[in-house]
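Number of protein chains: 2
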Amino acid sequence: MSNVSPVLLDEQLCFSIYSASKKFNHFYQSALAPFGLTYPQYIALLVLWEDAPLTVHQLGDRLELDSGTLTPLLKRLEKQGWVERVRSRTDERQVLIHLTDMATAKRDEVYARIGQCQSLLGMSDDEINSMMTKLVTVKQQLDEVSNNRKIAKEVDKTL
Amino acid sequence: MSNVSPVLLDEQLCFSIYSASKKFNHFYQSALAPFGLTYPQYIALLVLWEDAPLTVHQLGDRLELDSGTLTPLLKRLEKQGWVERVRSRTDERQVLIHLTDMATAKRDEVYARIGQCQSLLGMSDDEINSMMTKLVTVKQQLDEVSNNRKIAKEVDKTL
DNA sequence: GACAATTTAATTGTATACAATACTCTCGAA
DNA sequence: TTCGAGAGTATTGTATACAATTAAATTGTC
Chain A
1 MSNVSPVLLD EQLCFSIYSA SKKFNHFYQS ALAPFGLTYP QYIALLVLWE DAPLTVHQLG
61 DRLELDSGTL TPLLKRLEKQ GWVERVRSRT DERQVLIHLT DMATAKRDEV YARIGQCQSL
121 LGMSDDEINS MMTKLVTVKQ QLDEVSNNRK IAKEVDKTL
Chain B
1 MSNVSPVLLD EQLCFSIYSA SKKFNHFYQS ALAPFGLTYP QYIALLVLWE DAPLTVHQLG
61 DRLELDSGTL TPLLKRLEKQ GWVERVRSRT DERQVLIHLT DMATAKRDEV YARIGQCQSL
121 LGMSDDEINS MMTKLVTVKQ QLDEVSNNRK IAKEVDKTL
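Top line first, the protein sequences correspond to chains A and B. Everything in the first sequence is counted per full-length UniProt numbering, starting at 1 for the first residue and increasing by one. Everything in the second sequence is counted per full-length UniProt numbering, starting at 1 for the first residue and increasing by one.
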């Protein structure tokens, strides 16, 4: 155990991503200030603008969030007038998330504002696509490691 | 406003980063399960292993976190025996975060475990460095936009 | 030395995240 | 048809994040 090399924060890819994620969050919070939306609320609306209504479960699949996060988030969006949560009649377990008229009406305004703010970042489509391609690879690796329970096995071995 | 193009979630770099960040978080949570550490707790220890003791403020500078996040996090680390929070005698405003003997003793064990788990990801140093370089650029852009208050101006213009 | 401005942590309030649990509803098999 | 397994959502509990405020200590200036 004496030949273990030190782990430096600044050399960690995870910290770069963690930090970038927080900065993006802050960036969108500012960009969306006129609408009073947080970043997670915004991406929920993005998915709904693509394809509403959706059940909580379907929305969660797209956003990679569970009902523990989405239920309160959607209640806040409902309170602010963006969505309506309607218990499905055909299957009373499900709650359908509908966009309000206000949300539909403001869609292009939000799109436009996001477009303006993103252009301030000055990133080319090539740069963005290149990054996203690499991120897909990283995420696939992370999924694979989790799904295969490689870590769980490691844990068992260690304990 | 009618010629605004739709914003698709899957085309958003921010969502790729947001999603990757959450997956990394989960990955480290599993990797660190034998030690009962969360990812933010782990990176706090990383910085302290590099250079303890540090004030809350200094630690926050490295981690990009403020006292609102760090105070409760450090109290939890203290309760679990990793650190000690000691009010500075020379400047009573400051709280110095010291590593406990247990934390010092377990350092190499944690380093080794992280090394093992990271190797499961199968990423080369080149791939990691290439990603981090690109992320640095993105983060600089995000910082610049925030610092220059470009968005604030946009907001003012719009409102 | 007095005191206003600043610095440093802690606290408060709001909003995610997510594991674990509870609760209701649906559906299929006996 | 009835009951048990499973699905879908909500709730609970813990842990971040961060803006805004508070409180205490220090510093600079007169």
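Don't be surprised by glycine CBs; every beta carbon is placed ideally from N, CA and C.
{"Check": "If you run the structure through DSSP and keep just helix, strand and coil, what is A:K55?", "Outcome": "The sequence given here places Thr at residue 55 of chain A; Lys does not occur at that position. Three-state DSSP puts A:T55 in a strand."}
{"Check": "Determine the burial state of B:S16: buried for a count of at least 16 other Cβ atoms within 10 Å of its Cβ, exposed for fewer.", "Outcome": "buried"}
{"Check": "Between B:G81, B:Q80 and B:I97, which has its C-alpha nearest B:S88's C-alpha?", "Outcome": "B:I97"}
{"Check": "Which stretch, first to last residue, makes up the alpha helix (DSSP H) that contains B:L74?", "Outcome": "S67 to K79"}
{"Check": "Closer than 8 Å is the cut-off here; do at least three beta carbon pairs connect the region 131-144 of chain B with the region 13-29 of chain A?", "Outcome": "yes"}
{"Check": "Which residue from B:T55, B:L9 and B:L65 puts its Cα closest to that of B:T90?", "Outcome": "B:T55"}
{"Check": "Going by CA-CA distance only, name the one from B:V47, B:D101 and B:L135 that's closest to A:E127.", "Outcome": "B:L135"}
{"Check": "Could you have a look at A:L96 and say whether DSSP puts it in helix, strand or coil?", "Outcome": "strand"}
{"Check": "Report the residues of the region 98-117 of chain B with a CB closer than 9 Å to any CB of chain A, ordered along the chain.", "Outcome": "R107, D108, E109, V110, Y111, A112, R113, I114, G115, Q116 and C117"}
{"Check": "List the residues of chain B that A:H26 touches, going by C-beta distances under 9 Å, in chain order.", "Outcome": "L142 and S146"}
{"Check": "Determine the direct distance from the alpha carbon of A:W49 to that of A:T104, and round the result to whole angstroms.", "Outcome": "7 Å"}
{"Check": "From what residue to what residue does the beta strand (DSSP E) around B:E84 run?", "Outcome": "V83 to R87"}
{"Check": "In three-state DSSP terms, what is B:M123?", "Outcome": "coil"}
{"Check": "What residue range does the alpha helix (DSSP H) around A:R31 cover?", "Outcome": "In the sequence as presented, Arg is not what sits at residue 31 of chain A; that position holds Ala. Here the alpha helix (DSSP H) through A:A31 covers L13 to A31."}
{"Check": "Look up A:L8 in the DSSP assignment and say whether it is helix, strand or coil.", "Outcome": "coil"}
{"Check": "Distance, Cα to Cα, B:L8 vs A:E64?", "Outcome": "15 Å"}
{"Check": "For A:A33 and B:E144, I'd like the C-alpha separation in whole angstroms.", "Outcome": "18 Å"}
{"Check": "Measure the alpha-carbon distance for A:G68 versus B:A44 and round it to whole angstroms.", "Outcome": "27 Å"}
{"Check": "Between the Cα of B:Q80 and the Cα atoms of B:E92, B:G36, B:K23 and B:Q141, which residue gives the shortest distance?", "Outcome": "B:G36"}
{"Check": "Output yes or no for whether 8 Å exceeds the beta carbon distance between B:L59 and A:Q141.", "Outcome": "no"}
{"Check": "For a contact meaning CB atoms closer than 7 Å, what does residue 160 of chain A contact in chain B?", "Outcome": "Past the edges of chain A, shown from 1 to 159, lies residue 160 of chain A, and the structure says nothing about it."}
{"Check": "DSSP three-state label for A:D108, please.", "Outcome": "helix"}
{"Check": "If I'm right that A:P6 touches B:Y28 with Cβ under 8 Å, what's the distance once you round it to whole angstroms?", "Outcome": "In fact, because the Cβ distance is near 17 Å, the residues do not count as touching under 8 Å."}
{"Check": "Assuming B:V4 and A:G115 form a contact by the criterion Cβ under 8 Å, report the distance between their Cβ atoms to the nearest whole angstrom.", "Outcome": "7 Å"}
{"Check": "Quick check: is the beta carbon of B:F15 nearer than 8 Å to any beta carbon in chain A?", "Outcome": "yes"}
{"Check": "Can you check whether the CB of A:Q41 is closer than 8 Å to the CB of A:L77?", "Outcome": "yes"}
{"Check": "With a cut-off of 8 Å, does the C-beta of B:V4 fall near any C-beta of chain A?", "Outcome": "yes"}
{"Check": "Give the DSSP-derived three-state secondary structure of A:D101 in the structure shown.", "Outcome": "helix"}
{"Check": "Taking 8 Å as the CB-CB limit, is A:A52 close to chain B?", "Outcome": "no"}
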